[in-house]
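Enquirer: Under my numbering, the first residue of the sequence shown is numbered 138, with each subsequent residue one higher. Once you've had a glance at the structure underneath, I'll fire off some questions.
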Amino acid sequence: MIFKNLKASAVLLFLVASCSLFAQKDFQGKAYYETKTTVDMSSFGGRNMSEERKKEIAARMKSALDKTFILTFNQWEALYEEEEHLEDASSGGRGMRFAMMTSSGGDQYKNVKTQALTQKQDLFGKQFLIKDSLQTLDWKLTGETKNIGKYTCFRAEAVKPKTGIDYRDFRRPPKGEKPKEESERKPEGEKPTVEGITVEAWYTPQIPVNLGPDVYWGLPGLILEVNVDNTTILCSKLVINPSEKIEIKAPKKGKEVTQAEFDEIAKAKMEEMRDMRRGRGGRGGGGRR
138 MIFKNLKASA
148 VLLFLVASCS
158 LFAQKDFQGK
168 AYYETKTTVD
178 MSSFGGRNMS
188 EERKKEIAAR
198 MKSALDKTFI
208 LTFNQWEALY
218 EEEEHLEDAS
228 SGGRGMRFAM
238 MTSSGGDQYK
248 NVKTQALTQK
258 QDLFGKQFLI
268 KDSLQTLDWK
278 LTGETKNIGK
288 YTCFRAEAVK
298 PKTGIDYRDF
308 RRPPKGEKPK
318 EESERKPEGE
328 KPTVEGITVE
338 AWYTPQIPVN
348 LGPDVYWGLP
358 GLILEVNVDN
368 TTILCSKLVI
378 NPSEKIEIKA
388 PKKGKEVTQA
398 EFDEIAKAKM
408 EEMRDMRRGR
418 GGRGGGGRR
């Protein structure tokens, strides 16, 4: 109980010390995040794929998955967008195909006051606009602290339901192994279990906004680091009240769908592609000839 009181007091102290800075009506900030994703290639491609080929694919996936994002935020709103960069011509656009299957999508707008989420998402050339409510996580605050740059950060944990589309669900299984949808089929009458992923977040009460990168929010301070599954999102630069004021606007173009509707559309498309690959004997169009 004493420890909990001390932890609460520390957070309160940071909030009080920072309140004058963030009481401004036009308060705004920009946070730059680097994402790093590790890919397990041990079972990728089955036994027929050479180690050299696996390394080549891993390099392309790393290029597609490791990105820089900018979070522009005020007290209630945030726009999370990828920093523009030129794709390496040597990849021939193949890195983009990995990104379409695994990325969190395009520009994402969050409003914590209205609990609204709007996200632009391209799926194989078609543009969608996901409009839904913010996902709420049951954060558990811990007593751990560390510094990220000049900011003191506190650790929090939550279990996030597994949603969306994961390219790993559509890989061809090794020889002799049943496809995932068959191996995970439940007996009749048995309710399916909801998979969860542990999320670790580090937030700083020195910037008292309950916003963060990607879909993460809801902590008493800006989230500067997230570790989830095999991905780390880390803030590398933070600018408070930049000289140029930036309007935070939600994306507007695309076919409006909910997150669940988009997931179903994406799943159907991925299953269609997998069936086409099976029909060609498992040969992908982008492989070596």
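Backbone N, C-alpha and C fix where the C-beta goes; we use that ideal spot for every residue, glycine too.
1. Just to check my reading of the structure: N124 and T174 have Cβ atoms closer than 8 Å, yes? What is that Cβ distance to the nearest angstrom?
2. I'd like to confirm something about W276: is its beta-carbon nearer than 7 Å to some heavy atom of the ligand SAH, or not?
3. Thinking C-alpha only, which one of Y170, K406, A387 is nearest G262?
4. DSSP state of E332, grouped into three classes?
5. Tell me, please, which residues DSSP counts as bridged to D259.
6. Please report how far the alpha carbon of G358 lies from the alpha carbon of C290, in whole angstroms.
7. Identify every residue that forms a DSSP beta bridge with R292.
8. What three-state label does DSSP hand F399 in the structure shown?
9. By the DSSP assignment, the beta strand (DSSP E) with I370 in it spans what residues?
10. Would you kindly work out how many angstroms separate the C-alpha atoms of E281 and Q343, rounded to a whole number?
11. With a threshold of 8 Å, are at least 3 pairs of Cβ atoms found where one atom belongs to the segment 391 to 407 and the other to the segment 372 to 380?
12. Note down the Cα distance separating A295 from M186, rounded to an integer number of angstroms.
13. Could you give the first and the last residue of the continuous beta strand (DSSP E) run that contains F210?
14. Which residues bound the beta strand (DSSP E) around Q245?
15. In angstroms with no decimal places, state the Cα-to-Cα distance between L348 and T209.
16. Would you report the Cα separation of K287 and E171, rounded to the nearest angstrom?
17. D269 by DSSP, collapsed to three states: which one?
18. For the putative contact between K167 and P379, defined by C-beta atoms under 8 Å, what is the C-beta separation to the nearest angstrom?
19. Comparing C-alpha positions only, which one of K386, I334, I194, Y340 sits nearest to A215?
20. Suppose you measure from the CA of L356 to the CA of A195; what does that come to, to the nearest Å?
21. Just verifying my parser: in three-state terms, what is the DSSP assignment at E384?
22. With the cut-off set at 8 Å, would you say V249 and K297 are in Cβ contact?
23. Below 8 Å on the Cβ atoms is my contact criterion, and I expect P388 with Y246 to pass it. Report the Cβ-Cβ distance as a whole number of Å.
Expert: Taking the geometry as given:
1. Outside the displayed range of the chain (138 to 426) lies residue 124, so it cannot be described from this structure.
2. With respect to the ligand SAH, the structure shown offers nothing to examine, as it has no ligands at all.
3. Indexing the sequence shown from 1 puts residue 262 at position 125. When Y170, K406, A387 are compared, the shortest CA-CA separation from G262 is found for K406.
4. The sequence position of residue 332 within the sequence shown is 195, counting from 1. Note: E332 maps to coil in three-state DSSP.
5. Position 122 of the sequence shown, counting from 1, holds the residue named residue 259. Under the DSSP definition of a beta bridge, D259 partners with Q264.
6. As a working mapping, residue 358 is identified with position 221 in the sequence shown. As a working mapping, residue 290 is identified with position 153 in the sequence shown. Between G358 and C290, the C-alpha separation is close to 9 Å.
7. In the sequence shown, the residue the question calls residue 292 occupies position 155. Paired residues: W339.
8. The residue labelled residue 399 in the question sits at position 262 within the sequence shown. Three-state result, F399: helix.
9. As a first step, residue 370 is located in the sequence shown; it is residue number 233 there, counting from the start. If you look at I370, you'll find it in the beta strand (DSSP E) that goes 368 to 377.
10. The residue you call residue 281 lines up with position 144 of the sequence shown. The residue you call residue 343 lines up with position 206 of the sequence shown. If I take the Cα positions, the gap works out to 16 Å.
11. no
12. Translated into positions along the sequence shown, residue 295 becomes position 158. Translated into positions along the sequence shown, residue 186 becomes position 49. Using only the alpha carbons, I get a separation of about 37 Å.
13. Locating residue 210 in the sequence shown gives position 73, counting from the first residue. It spans 205 to 210 - the beta strand (DSSP E) in which F210 sits, taken as one unbroken run.
14. Counted from its first residue, the sequence shown places residue 245 at position 108. Segment 245 to 248, the beta strand (DSSP E) holding Q245.
15. As a first step, residue 348 is located in the sequence shown; it is residue number 211 there, counting from the start. As a first step, residue 209 is located in the sequence shown; it is residue number 72 there, counting from the start. If you take the alpha carbons of L348 and T209, they lie about 10 Å apart.
16. In the sequence shown, residue 287 corresponds to position 150, counting from 1. In the sequence shown, residue 171 corresponds to position 34, counting from 1. Roughly 17 Å between the two C-alpha positions.
17. As a first step, residue 269 must be located in the sequence shown, where it is residue number 132. Correct three-state label for D269: strand.
18. Along the sequence shown, one-based indexing puts residue 167 at 30. Along the sequence shown, one-based indexing puts residue 379 at 242. Right, the Cβ-Cβ distance comes to about 6 Å (below 8 Å), so this counts as a contact.
19. Here residue 215 refers to the residue found at position 78 of the sequence shown. Out of K386, I334, I194, Y340, K386 has the C-alpha closest to the C-alpha of A215.
20. Start at 1 with the first residue of the sequence shown, and residue 356 comes out as number 219. Start at 1 with the first residue of the sequence shown, and residue 195 comes out as number 58. In a straight line, the C-alpha of L356 is about 34 Å away from that of A195.
21. Counting from one through the sequence shown, the residue named residue 384 turns up at place 247. Note: E384 maps to coil in three-state DSSP.
22. As a working note, residue 249 is residue 112 in the sequence shown. As a working note, residue 297 is residue 160 in the sequence shown. Result no, Cβ atoms of V249 and K297 do not sit closer than 8 Å.
23. Locating residue 388 in the sequence shown gives position 251, where the first residue counts as 1. Locating residue 246 in the sequence shown gives position 109, where the first residue counts as 1. Confirmed, about 6 Å.
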